[in-house]
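Chains as they are written, first to last, in my numbering: chain L, 1 to 167; chain X, 168 to 475; chain F, 476 to 783.
Beta carbons are placed, not taken as given, at the ideal position from N, Cα and C, and that holds for glycine.
Below is one structure, written out as structure tokens; the observations come after it.
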């Protein structure tokens, strides 16, 4: 397996925890302000809105393939950053948390991308933004926010696990 | 999207009923053909609507009436059973409150230091709804019957019941009409109108009262007397004023003695007839006169011992 | 107008010479045909110029050289005698000072609560001239050799030697280059460049140190012991940290004892070996570790009495 610098792994672990902490804050705010406290009640809506569930299959400890894991990690972060961007204008109270979360996710994606460049495992240029979910009502934006953020949480849980495994 | 809530009136008077309908489109892929539509208010129980029926195009519609809206703000959810859980299809916010009462106790003061007319008022009981207060005014003539030039609305800061009208909008020495308008979704109200000339409501500060050291060689010492001097508060110096002085021995139960109709500026003022009290407290205040005005507050107490 | 001053350079280095000329037009009606042009610096004496001559069109011109400009700011007047007084025809402002020295001691801290990178510096000696400081930076890679994306200049408030870079301009976990530029009319200077990752200069706050009440039934009492607990400062909780505890008996001349390499979170920590001092003062501080970081300040002192 390719040698991954310890500082990269430690920074990535910290970034994952940083994003998870802020995601929890956002979920708490969405629950408190809009009474949307159960992501599992929004799965159907998620289908129709096209909220992604980014795969991390190559990062499972049983079948870890480092290069594919890093690119899945990067692509997933890129996807969720897009979702968070679509939440812009969700509400003045939540906007700061969403903005900071989006910046943290974007910065983590850059950390991964730059490490992939350093390892020379980058095929083409940075992935372009895939189609972002289009919210047509305030409710969809809030519900989409709850679903995307809770999926980002579990995505990071898996990522944290894999990165921990590598340290 | 699969489901959509429509509310008769999203903002109602507290206690009034609310009617809502939720429609679930037939081409909502993953759902049963005729899903049972359920409702939930905030974190309450999932409950069926009053009626549910099928529209010609296959759309399912359910209606519900909340007899008394007692929350000032609540979310209404439309759900359907799915797998072994419930899925939220849409959410609508309902708000309830009151139309604004008439703002009261409107009063204004003209501040010579900031050159602005500051008005304040009491907003009246809580409406539970976003309510905008606006200080409205226009220039008028003597009896305030006719509107001359208009003055831009003064919009107070968030949740503030005071507003400051900039000097450039004021025509000093002329009357203007001022009132407060309160407005929210359920209604509008206005305070009684004030008719005033900003210069008649100047916030006047008292003069600075000073003790005079009298040179015993020049002026023979007189027991029981005090020598004072004062000058008007500088920014209000251009206004003719009349002042009154009050003094009181620092003895329990002592009363104030008042000296009225004093000038606003006095280089030397002799106050006699004071008995041998330990110390006297003296204060002065002024009012614009003979033109109308408001009394200044009393100056800070000056503690002096009469000459022995 | 009758007279006009032209200055070679209106802003010079302190102590440098200043050359000026004043021309008086012939058709300046009330004046003698060839008025004697005089000069005055600030409220100095009226003095003749170095030379005065007549131009072909009849204009009179006088020139003067001030050998050493020692005022940081001064007005130069051009006058002519008139009736039995002097008349000022024109006035020019001259300023003098120094080019800015290189700003020094540039340091930055990342505040997790405001999500901003705040840098401060020492401006260097007074220049006596309007001097603009600008915090410049760009994103870079590991060794800060190449500029990647640029970052907008950060302009500090008036007379402030600190500037705050907003989170949206920061790429956390990557290095950036930061420096300060100082500029006035007489020159420009730059501070040495810093190469840092904002997350390596986080302003970390210490944990909250708490005494634990131990249930004597559960845990046998041990004389000379204390039970403590602490949790990391919440905003920095995501950062792996290492902490150190110091304690000192409240006795004159007592020294601190240090316990290093402690975790950032501890539910129960037993500290023993404390002799029967009246009271102990305990403090804790943490640092991001193993990743680079700055020590937090020591937590406020916790006063505790060891169990007897």
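With a threshold of 8 Å between beta carbons, is residue 140 of chain L in contact with chain F?
Translated into positions along the first chain, residue 140 of chain L becomes position 140. It does not; no Cβ of chain F falls within 8 Å.
If contacts are defined as beta-carbon pairs under 8 Å, then residue 642 of chain F and residue 591 of chain F qualify, I think. What distance do you get, rounded to the angstrom?
Locating residue 642 of chain F in the third chain gives position 167, counting from the first residue. Locating residue 591 of chain F in the third chain gives position 116, counting from the first residue. The pair is a contact, with the Cβ atoms about 6 Å apart (cut-off 8 Å).
Say the cut is 7 Å; is the CB of residue 751 of chain F nearer than that to a heavy atom of the ligand ATP?
Judged by which ligands are present, the structure shown has none, so any question about the ligand ATP falls away.
Tell me the rounded alpha-carbon separation between residue 404 of chain X and residue 466 of chain X.
As a first step, residue 404 of chain X is located in the second chain; it is residue number 237 there, counting from the start. As a first step, residue 466 of chain X is located in the second chain; it is residue number 299 there, counting from the start. Taking the straight line from one Cα to the other gives about 16 Å.
Got a sec: which bits of the stretch 12-25 of chain L sit with their beta carbon under 9 Å from any beta carbon on chain F, in order along the chain?
12, 13, 14, 15, 16, 17, 18, 19, 20, 21, 22
Which two residues bound the contiguous beta strand (DSSP E) that contains residue 497 of chain F?
Within the third chain, residue 497 of chain F is the residue found at index 22, counting from 1. It spans 493-499 - the beta strand (DSSP E) in which residue 497 of chain F sits, taken as one unbroken run.
I need the straight-line Cα distance from residue 615 of chain F to residue 757 of chain F, nearest angstrom please.
As a working note, residue 615 of chain F is residue 140 in the third chain. As a working note, residue 757 of chain F is residue 282 in the third chain. Spanning the two alpha carbons is a distance of roughly 42 Å.
Against chain X, does residue 48 of chain L count as a neighbour if the rule is that its beta carbon must be under 8 Å from one of theirs?
Your numbering for residue 48 of chain L matches position 48 in the first chain. Yes, residue 48 of chain L counts as interfacial toward chain X.
Starting from the Cα of residue 269 of chain X, find the closest Cα among X:252, X:288, X:281, X:257 and give me that residue.
Here the question's residue 269 of chain X lines up with position 102 in the second chain. Residue X:288 is the option with its Cα nearest to residue 269 of chain X.
Does the beta-carbon of residue 736 of chain F have 16 or more other beta-carbons within 10 angstroms, so that it is buried, or is it exposed?
Locating residue 736 of chain F in the third chain gives position 261, counting from the first residue. Residue 736 of chain F is exposed by the Cβ-count criterion.
How about residue 701 of chain F and residue 746 of chain F: do their beta carbons lie closer than 8 Å?
Residue mapping note: residue 701 of chain F aligns to position 226 of the third chain, counting from 1. Residue mapping note: residue 746 of chain F aligns to position 271 of the third chain, counting from 1. Closer than 8 Å, so yes.
Looking only at its chain, what residues have a beta carbon closer than 6 Å to the beta carbon of residue 94 of chain L, apart from the 5 residues adjacent to it on each side?
What you label residue 94 of chain L is simply residue 94 of the first chain in a count that begins at 1. Cβ within range, chain order: 29.
Is there a Cβ of chain L sitting closer than 8 Å to that of residue 643 of chain F, yes or no?
Reading the third chain from its first residue, position 168 is the one you call residue 643 of chain F. Yes - at least one Cβ of chain L is within 8 Å of the one on residue 643 of chain F.
Report the residues of the stretch 90-101 of chain L with a CB closer than 8 Å to any CB of chain F, ordered along the chain.
99, 100
With a cut-off of 8 Å, does the C-beta of residue 158 of chain L fall near any C-beta of chain F?
In the first chain, residue 158 of chain L corresponds to position 158, counting from 1. Chain F contact via Cβ: absent.
Please say whether residue 376 of chain X and residue 318 of chain X have beta carbons closer to each other than 8 Å?
Your numbering for residue 318 of chain X matches position 151 in the second chain. Your numbering for residue 376 of chain X matches position 209 in the second chain. The answer is no: Cβ separation not under 8 Å.
If you draw a straight line from the alpha carbon of residue 753 of chain F to that of residue 704 of chain F, how long is it in whole angstroms?
As a position in the third chain, residue 753 of chain F is number 278, starting the count at 1. As a position in the third chain, residue 704 of chain F is number 229, starting the count at 1. If you take the alpha carbons of residue 753 of chain F and residue 704 of chain F, they lie about 21 Å apart.
Please report the Cβ distance between residue 245 of chain X and residue 220 of chain X, rounded to the nearest whole angstrom; I am assuming they are in contact, meaning their Cβ atoms lie under 8 Å.
As a position in the second chain, residue 245 of chain X is number 78, starting the count at 1. As a position in the second chain, residue 220 of chain X is number 53, starting the count at 1. Wrong, their Cβ atoms sit about 15 Å apart, outside the cutoff.
When DSSP labels each residue in this structure, what does residue 637 of chain F get in the three-state scheme?
Translated into the one-based positions of the third chain, residue 637 of chain F becomes position 162. Three-state DSSP puts residue 637 of chain F in a strand.
Please state the DSSP three-state secondary structure of residue 197 of chain X.
Here residue 197 of chain X corresponds to residue number 30 of the second chain, with the count starting at 1. In the structure shown, residue 197 of chain X sits in coil (DSSP, three-state: anything other than H, G, I, E or B).
Spell out whether any CB of chain X is found under 8 Å from the CB atom of residue 77 of chain L.
Position 77 of the first chain, counted from the first residue, corresponds to residue 77 of chain L. For residue 77 of chain L, the answer is no, since every Cβ of chain X falls outside 8 Å of its Cβ.
Which residue comes first and which comes last in the beta strand (DSSP E) that contains residue 778 of chain F?
Reading the third chain from its first residue, position 303 is the one you call residue 778 of chain F. Looking at the DSSP string, the run of the beta strand (DSSP E) that includes residue 778 of chain F is 777-779.
Can you give me the C-alpha to C-alpha distance between residue 442 of chain X and residue 419 of chain X, rounded to a whole angstrom?
Taking the first residue of the second chain as position 1, residue 442 of chain X is located at position 275. Taking the first residue of the second chain as position 1, residue 419 of chain X is located at position 252. Cα to Cα, residue 442 of chain X sits roughly 15 Å from residue 419 of chain X.
Would you mind telling me which residues of chain L sit closer than 8 Å to residue 679 of chain F, beta carbon to beta carbon, in chain order?
Counting from 1 along the third chain, the entry for residue 679 of chain F is found at position 204. In chain order: nothing, as chain L lies at least about 13 Å away.
Exposed or buried, what is residue 618 of chain F when buried is set at 16 or more other beta-carbons lying within 10 Å of its beta-carbon?
Numbered from its first residue, the third chain carries residue 618 of chain F at position 143. By the 10 Å Cβ count, residue 618 of chain F comes out exposed.
Just reading off the beta strand (DSSP E) that residue 708 of chain F is part of, what are its end residues?
Sequence index remark: in the third chain, residue 708 of chain F carries index 233 (1-based). Note, residue 708 of chain F: premise wrong, no beta strand (DSSP E); not H, not E.
Any C-beta of chain L within less than 8 Å: which residues of the stretch 693-717 of chain F qualify?
712, 713, 714, 715
Between the Cα of residue 511 of chain F and those of F:518, F:549, F:478, spot the shortest distance and give me the residue it belongs to.
Sequence index remark: in the third chain, residue 511 of chain F carries index 36 (1-based). If we check each option's Cα against that of residue 511 of chain F, F:478 comes out closest.
Between which two residues does the beta strand (DSSP E) harbouring residue 735 of chain F extend?
Mapped onto the third chain, residue 735 of chain F falls at position 260. Segment 732-738, the beta strand (DSSP E) holding residue 735 of chain F.
According to the Cβ coordinates, are residue 83 of chain L and residue 51 of chain L closer than 8 Å?
One-based indexing of the first chain puts residue 83 of chain L at position 83. One-based indexing of the first chain puts residue 51 of chain L at position 51. In this structure, residue 51 of chain L lies closer than 8 Å to residue 83 of chain L by Cβ.
Are the C-beta of residue 149 of chain L and some C-beta of chain F separated by less than 8 Å?
Counting from one through the first chain, the residue named residue 149 of chain L turns up at place 149. False, the Cβ-Cβ gap to chain F never drops below 8 Å.
I want to see whether chain L comes within less than 8 Å of residue 620 of chain F, judged by CB atoms only; does it?
Residue numbering aside, residue 620 of chain F sits at position 145 when the third chain is read from its first letter. Taking Cβ atoms only, chain L never reaches closer than 8 Å to residue 620 of chain F, which makes this a no.
Residues of chain L with a CB under 8 Å from the CB of residue 690 of chain F: which are they?
Residue numbering aside, residue 690 of chain F sits at position 215 when the third chain is read from its first letter. In chain order: nothing, as chain L lies at least about 32 Å away.
Which word fits residue 399 of chain X, buried or exposed, when buried means at least 16 other C-beta atoms lie within 10 angstroms of its C-beta?
Along the second chain, one-based indexing puts residue 399 of chain X at 232. Classification of residue 399 of chain X: buried, given that the 10 Å Cβ count is 16 or more.
Measuring straight from C-alpha to C-alpha, what distance separates residue 575 of chain F and residue 600 of chain F?
Here residue 575 of chain F corresponds to residue number 100 of the third chain, with the count starting at 1. Here residue 600 of chain F corresponds to residue number 125 of the third chain, with the count starting at 1. Approximately 8 Å, taken between the alpha carbons.
Rounded to a whole number of angstroms, what is the C-alpha to C-alpha distance between residue 68 of chain L and residue 580 of chain F?
Taking the first residue of the first chain as position 1, residue 68 of chain L is located at position 68. Taking the first residue of the third chain as position 1, residue 580 of chain F is located at position 105. The straight-line gap from Cα to Cα measures roughly 45 Å.
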